[in-house]
Structure formats: C-alpha cells, structure tokens
Amino acid sequence: MASIVDISPPQSVAPPSVRKIRIASRGLEWLFTGLLAAFITLTAVGFGVLFFYHGTMIAFGPKGGVISTGPVPTGYLALRDWRFDQRLAYAPVWIARSFPTIGLFSCLRGLFRLYGDAEVFTERTARLIRWMGIWLVADAVAPLLCHLALSATGYEIDKAWAHMTSVQEAVLGAVVFVIALVMQAGHEIEQDREGFI
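All letters in the sequence shown, in the order written, are residues 239 to 435 by this note's numbering.
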C-alpha cells in the first residue's frame, strides 16, 4: 500500500517591503483615480464654460486668463464678448492642453495598480512609464503648438504661453522615457538569462 505525501513547496510569504509597496501603491492608485476623474470633469466643465458662459468674471488677455468680480482689466476680453468663431477656435486648444494630463493621470493610475498587484519590473510597467514620458513631453510642447496655430489664424488672445516649466517638463519627460527603456532592457536581459537556466 502506497502513501501519498504532499511535497509541494510552501507558499512564500511576501516580505515586509513588498507589503509596504502594495499598501502605498493602492493608496496612490486611488489618488490618481480621483485626480483623473477630477481632471476629466474639469475638462468637461471647461467646454461648458467656453461655449455657454456669457458673464464678465472670466477674461483673457496678453498675460493669460483672470477670474475677477471687478471690472475687466484693460487689454483683456471678457468671455461674454467672445465671438462664436473665437470660442470654436479655442476648443481644440482646450483638448490639446487637457489630453496630456488626462493621459498622464491614467498611466499613473495603471502603474500603481500594477505595483499594488506586485508587478514591478515588467513589460507592462515599462510601457506605462514610457507613455508617462511621452505625455510629459506632449504637455510641455502643447502650449507652443497651440500658440503657433492660434497666431497663424489670428485668434490668439493669451500670449503668455512660454514658461520655463515647459522646458523642465520636456526634460523630465525625456528622462522618464529613457528610464522606461532601461527598465524594459533589464527585464529582457533577465528573461534571456532565465531562458538559459
């Protein structure tokens, strides 16, 4: 008579550092989920304001936008006084300026969701980080591209588009993109090494 003995290896217990990563990642996943929802809502509200607001509290001029309960500053144009074609011209600008942030928050939410599932150095996490770099660069160059498009069509009101933060954001995006490529290369090397064992 034969006896069957279960010799399956014991289930490994995650070390404390992995548990801390999971807990922190879950919190950050919820944070970026909230930020993503808030920014999508803000983008939708912005479209509503652009097309349907006809008051004087919001005005735009050569140094950007202002919100004021007082009189409209000299050189500024209240949103109430915008023609429909001006509002229409700024709709794609609002999309171009909002979409990179939505993409970035979406990638951050996905990245921390994977970290919460203990998926750290994988192709999927590297891809999300690479996209984060792309979204950062897109957010940095969007003001310049919108400025060029609006000035070429004669619709530019807000001329305060050049900021040093855009240069910093572009550099950061490039660095994040390269880090993602290094992570992916490291993951591929690790897979190749495991294939030889």
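Cβ coordinates follow ideal geometry from the N, Cα and C atoms, glycine included. Note that the structure is a prediction, hence the values are computed from the model and not measured.
Ranked by Cα distance from L266, the first of L346, L386, A400 is L346. Rounded to whole angstroms, G424 and L269 show a C-alpha spacing of 29 Å. Around the C-beta of G392, fewer than 16 other C-beta atoms lie within 10 Å, and the residue is accordingly described as exposed. When DSSP reads this structure, V304 sits in a beta bridge with A297. Apart from the 5 residues on each side of it in sequence, G284 sits with its Cβ closer than 8 Å to the Cβ of W332, S336 in its chain, given in chain order.
Contact between L342 and D377 is confirmed by a C-beta separation of about 7 Å, below the 8 Å threshold. With fewer than 16 other Cβ atoms inside 10 Å of its own Cβ, E428 counts as exposed. Inter-residue distance for V310 and R318 is about 11 Å (C-alpha atoms, whole angstroms). The segment 401-409 makes contact with the segment 364-380: 3 or more CB pairs, one atom from each, lie closer than 8 Å. For L315, the pairing in a beta bridge is given by DSSP as F298. In this structure, the CA atom of L388 is about 30 Å from the CA atom of V414. By the criterion of a C-beta distance shorter than 7 Å, P338 is surrounded in its chain by W373, A376, D377, A380, once the five residues flanking it on both sides are discounted. Between the beta-carbon of I395 and that of L315 there is about 6 Å, and that keeps the pair under the 8 Å contact cut.
Ranking L386, D355, A329, V416 by CA distance to the CA of W369 puts V416 first.
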